[in-house]
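In the numbering used here, the protein residues as written are 375 to 735.
Dropping the structure here:
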């Protein structure tokens, strides 16, 4: 169960209360009008999240295949120095249900001496929200192809690729397909690495009624309940996840974070649907990453970052290190941090990531 809790941790409280009573409701075609949101409201909420960033930041849509676009932030930390422009940029990939605004505590610090990019993954945030293939492998390919097309459009030769949660899974998937484009991979509390234990049901018995209910409700997306409650959704986020307001209290004392999270996730659930189709019961990946990392070139460096208070199982990091003997694999544990390491302990997180970046030209 821990795998499901952490992968949808941002909204686990919402799911626990809302979905138990509302998941069986029919979802009418007019549901988007039921939720008080729009693209312009999401844009305004993101602007509020980013208002404390001090560096020189640019924003734009980057065209990828099939008419899709990826919303992109770039922060130039080179201060005009030629050396800074030649350093490998850092590219930030957010997790499930996230967006570029959640890096507000990190972008200034990480852009010291080099450019930092943050993009909304295809199907999330302000990026295009296409209809993904139902097949898990095809959905993953579409995510990764969009990242590669984005890189090519920007003319980046190589990247320090940092991904959190689902972003960590996609960073690894990208590195497997395009290893020459990744100078260093930083996987922050990555989702989808271990295989689902074959003995899960025996070790952790699940009541028959829970299995039956899960089978009945499985067609719905993970965050369907948030959209089902319509105008109550924002209040629900504020009430059930007050911890996110606390994570960003150094920047905001109002409901900026809750409003951003709400508007991110009550619009067309494109990436959310893709994520659901990439999972098996209890949140495990259909195509786990650990068995696939053997195809990664031995000279590909990996850093894994975990929070000491997270419910994510850090054994995956140890397994990667054991698998890749002779290769650079570093495991970093951030004290006092949970699953959202970059927001729980931003100063420590930023410093440790900068130390990793200093190893890369």
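For each residue, glycine too, the CB sits at the ideal point set by N, CA and C. Everything numeric in this text was worked out from a predicted model, so none of it was measured.
- Going by DSSP, residue 723 is part of the alpha helix (DSSP H) stretching over 720–731.
- Here the alpha carbon of residue 604 sits roughly 12 Å from the alpha carbon of residue 637.
- For residue 420 against residue 475, the beta-carbon gap comes to about 5 Å, under 8 Å, which counts as contact.
- In terms of Cβ geometry, residue 691 and residue 672 do not form a close pair [threshold 8 Å].
- Here residue 467 is near residue 536, since their CB atoms are less than 8 Å apart.
- Exclusion of the five residues before and after residue 703 leaves 676, 694, 695 as the residues of its chain whose Cβ lies within less than 7 Å of its Cβ.
- Under the DSSP assignment, residue 433 falls in the beta strand (DSSP E) whose first and last residues are 430–437.
- An exposed status is given to residue 571, since fewer than 16 other beta-carbon atoms sit within 10 Å of its beta-carbon.
- The Cβ atoms of residue 611 and residue 622 do not sit closer than 8 Å to each other.
- Membership of residue 708 in any alpha helix (DSSP H) is not indicated; the residue belongs instead to the beta strand (DSSP E) covering 703–708.
- Residue 443 is positioned such that its CB atom lies closer than 8 Å to that of residue 502.
- With fewer than 16 other CB atoms across the displayed protein chains lying within 10 angstroms of its CB, residue 527 is exposed.
- In the DSSP annotation of this structure, residue 656 is not part of any alpha helix (DSSP H), being labelled neither H nor E.
- For residue 637, the uninterrupted alpha helix (DSSP H) run begins and ends at 630–639, by DSSP.
- Under the three-state reduction of DSSP, residue 461 is assigned to coil, being neither helix nor strand.
- For residue 509, the closest of 651, 683, 697 by C-alpha to C-alpha distance is 651.
- In the DSSP assignment, residue 534 falls within the unbroken beta strand (DSSP E) covering 533–538.
- Contact check for residue 465 and residue 533: beta-carbon distance about 5 Å, within the 8 Å limit, so the pair qualifies.
- A straight line joining the alpha-carbon of residue 633 with that of residue 608 spans about 7 Å.
- When beta bridges are read from the DSSP output, residue 677 appears opposite 560, 704.
- Residue 497 is positioned such that its CB atom lies closer than 8 Å to that of residue 644.
- Per the coordinates, the alpha-carbon of residue 548 lies some 25 Å from the alpha-carbon of residue 482.
- For residue 648, the closest alpha carbon among the candidates 450, 635, 506 is that of 506.
- The straight-line gap separating the alpha-carbon atoms of residue 726 and residue 598 is approximately 36 Å.
- Residue pairing from DSSP places residue 492 in a beta bridge opposite 447, 466.
- As the crow flies, the alpha-carbon of residue 516 is around 10 Å from that of residue 523.
- Comparing C-alpha distances from residue 642 to each of 499, 719, 451 shows the shortest one belongs to 499.
- Burial check for residue 473: the Cβ neighbour count within 10 Å reaches 16 or more, so the residue is buried.
- Straight-line spacing of the CA atoms in residue 624 and residue 669 works out to 42 Å.
- Counting C-beta atoms within 10 angstroms of its own C-beta, residue 684 has 16 or more neighbours from the protein chains shown and is therefore classed as buried.
- The C-alpha of residue 557 is placed about 10 Å away from the C-alpha of residue 463.
- Looking at the backbone, the Cα of residue 569 and that of residue 658 are separated by about 7 Å.
- Residue environment: residue 525 is assigned as buried (16 or more neighbouring CB atoms within 10 Å of its CB, all protein chains considered).
- By the 16-neighbour rule on beta-carbons within 10 angstroms, residue 713 is buried.
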